[in-house]
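Novice:
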Amino acid sequence: MLRNSPLQGMSLSFTMTAMSLLFLLVFFTLNYHSQADLVADTCKKVDYPDLCLSTLRSNPRSKSVDHEELACIAFDAALAKSTNTLNQIMLLLKKTNEPILKKYLTTCASLYGDAVDGIPQAIRFVGSDNFQANLYGGVALDDAIDCEETFTTGELGKRKSPLTASNNVVKQLVTNALAIVNSLG
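Using mature numbering (1 follows the signal peptide of the UniProt record, and there is no 0), the letters of the sequence shown correspond one by one to residues -36 to -1, 1 to 149.
#1: Measure the C-alpha to C-alpha separation of residue 150 and Ala129 and round it to an integer number of angstroms.
#2: Taking Ala35 and Leu120 to be in contact with their CB atoms under 8 angstroms, please state how far apart those CB atoms are, rounded to whole angstroms.
#3: With a CB to CB cut of under 6 angstroms and the five nearest residues on each side skipped, what residues in its chain are close to Leu137?
#4: For Phe95, is the classification buried or exposed, using 16 other Cβ atoms within 10 angstroms of its Cβ as the cut-off for buried?
#5: Could you tell me the distance, in whole angstroms, from the CA atom of Glu32 to the CA atom of Lys59?
#6: Using CA atoms only, rank isn't needed, just tell me which of Leu142, Thr116, Phe89, Glu112 is closest to Ser74.
#7: Within the same chain, show all residues whose beta-carbon is closer than 6 angstroms to that of Asn(-6), passing over the 5 residues directly before and after it, in chain order.
#8: Determine the direct distance from the alpha carbon of Pro63 to that of Ser92, and round the result to whole angstroms.
#9: I need the straight-line Cα distance from Cys5 to Cys16, nearest angstrom please.
#10: Which residues in the same chain have their Cβ closer than 7 angstroms to the Cβ of Pro13, if we skip the five residues on either side of it in sequence?
#11: If I measure Cβ to Cβ from Leu65 and keep anything under 6 angstroms in the same chain, skipping five residues before and after, which residues do I get?
#12: What is the DSSP secondary structure of Lys135, counted as helix, strand or coil?
#13: Use the C-beta contact count for Asn131: other C-beta atoms within 10 angstroms, 16 or more gives buried, fewer gives exposed.
#14: Buried or exposed: Leu105, going by 16 or more other Cβ atoms within 10 Å of its Cβ?
#15: Quick one: Cα of Asp1 to Cα of Lys67, how far?
#16: When DSSP labels each residue in this structure, what does Gly77 get in the three-state scheme?
#17: I'd like to know whether the C-beta atoms of Asp11 and Ala143 end up nearer to each other than 8 angstroms.
#18: Just the C-alpha distance for Val103 and Arg25, rounded to the nearest angstrom, thanks.
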C-alpha cells in the first residue's frame, strides 16, 4: 500500500480538474438552454412567433441577454428592414416617371424616414421608459401601415403597392418588438 505517494496527489489533482471541467460544462450547457428557452418563451407571446424566433435566433447577441435586450434586438431588426425599405422606395422613385406612383412613393419615403428616425428612439427607451418605447415603436408601425394604405386607399386612385411585402415584414417586426416591450411590465 502506498501512503503519501506522489501518485496519490496527482490522482486527487486529476480528479479535481476533471470535476471542475464537468461542472463548467454542465453550467454552460444549462445557461445556453435557459437562453434558448428565453427566446422561445418570449416568442410564444408575440403575434408573429415564427418571425420572432428566426429574428432573435439569427442574432448572436440573443444567446446571453435578458428580455430588455431581446426587445432591442427585435427593434434593431425592424430598423434594418425599415432602412432597407426606404432604400427600395428611393430606387423606385428614381426609376418611375408616373406622377401618381411618384406621389405615393414620396409619401412612403417620408413615412419611412420617420420610422428610421423613430426606431432608435424606441430602442433608447426600452427598459427605462417603456411607455416612450411604445410610442416611438407605435409610430413606426403606423408608418408601415400608412405607406401600404397610401396605395390601397389612395386619393388619386387605388394601385397595387410595390411595397406590400416590405410593409408587411416591417409591420410584423415592429409588432413583435412592441409585444416584447409590453411584456416587460
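In this text, a Cβ means the ideal position worked out from N, Cα and C, and glycines have one as well.
Specialist: In brief:
#1: There is no way to answer for residue 150, as the model of the chain reaches only from -36 to 149.
#2: What you label residue 35 is simply residue 71 of the sequence shown in a count that begins at 1. What you label residue 120 is simply residue 156 of the sequence shown in a count that begins at 1. About 38 angstroms separates the two Cβ atoms, so there is no contact after all.
#3: Sequence index remark: in the sequence shown, residue 137 carries index 173 (1-based). Excluding positions up to five away in sequence, the list reads Ala41, Ala42, Lys45.
#4: Residue mapping note: residue 95 aligns to position 131 of the sequence shown, counting from 1. Phe95 is exposed by the Cβ-count criterion.
#5: As a first step, residue 32 is located in the sequence shown; it is residue number 68 there, counting from the start. As a first step, residue 59 is located in the sequence shown; it is residue number 95 there, counting from the start. CA-to-CA, the gap between Glu32 and Lys59 works out to about 41 angstroms.
#6: As a first step, residue 74 is located in the sequence shown; it is residue number 110 there, counting from the start. With distances taken between Cα atoms, Ser74 lies closest to Glu112.
#7: For the purposes of this step, residue -6 is identified with residue 31 of the sequence shown, where counting begins at 1. With a pLDDT of only 45 at Asn(-6), under 50, the local geometry of the prediction cannot be trusted, and the value read off the model is given with reservation. Taking C-beta separations shorter than 6 angstroms and ignoring five residues to either side along the sequence, Asn(-6) has no partners in its chain.
#8: For the purposes of this step, residue 92 is taken as the residue at position 128 of the sequence shown. For the purposes of this step, residue 63 is taken as the residue at position 99 of the sequence shown. Cα to Cα, the separation comes out at about 45 angstroms.
#9: By 1-based counting over the sequence shown, the position of residue 5 is 41. By 1-based counting over the sequence shown, the position of residue 16 is 52. According to the sequence as given, residue 5 is Asp; it is not Cys. Straight across, the Cα-Cα distance linking Asp5 with Cys16 is about 11 angstroms.
#10: By one-based count along the sequence shown, residue 13 stands at place 49. Within the same chain, and ignoring the five residues on either side of Pro13 in sequence, the residues whose Cβ sits closer than 7 angstroms to its Cβ are Cys7.
#11: What you label residue 65 is simply residue 101 of the sequence shown in a count that begins at 1. Once the five neighbours on either side are set aside, Leu65 has no close Cβ partner at all.
#12: Start at 1 with the first residue of the sequence shown, and residue 135 comes out as number 171. Lys135: helix per DSSP, three-state reduction.
#13: On the sequence shown, position 167 is the one that residue 131 refers to. Buried: at least 16 other Cβ atoms inside 10 Å.
#14: By 1-based counting over the sequence shown, the position of residue 105 is 141. Buried: at least 16 other Cβ atoms inside 10 Å.
#15: For this step, residue 1 is matched to residue 37 along the sequence shown. For this step, residue 67 is matched to residue 103 along the sequence shown. Their backbone Cα atoms lie some 46 angstroms apart in a straight line.
#16: Position 113 of the sequence shown, counting from 1, holds the residue named residue 77. In the displayed model, Gly77 falls within a helix according to three-state DSSP.
#17: By 1-based counting over the sequence shown, the position of residue 11 is 47. By 1-based counting over the sequence shown, the position of residue 143 is 179. Their beta carbons are under 8 angstroms apart, which means Asp11 touches Ala143 by this criterion.
#18: On the sequence shown, position 139 is the one that residue 103 refers to. On the sequence shown, position 61 is the one that residue 25 refers to. Going by the C-alpha atoms only, they are around 26 angstroms apart.
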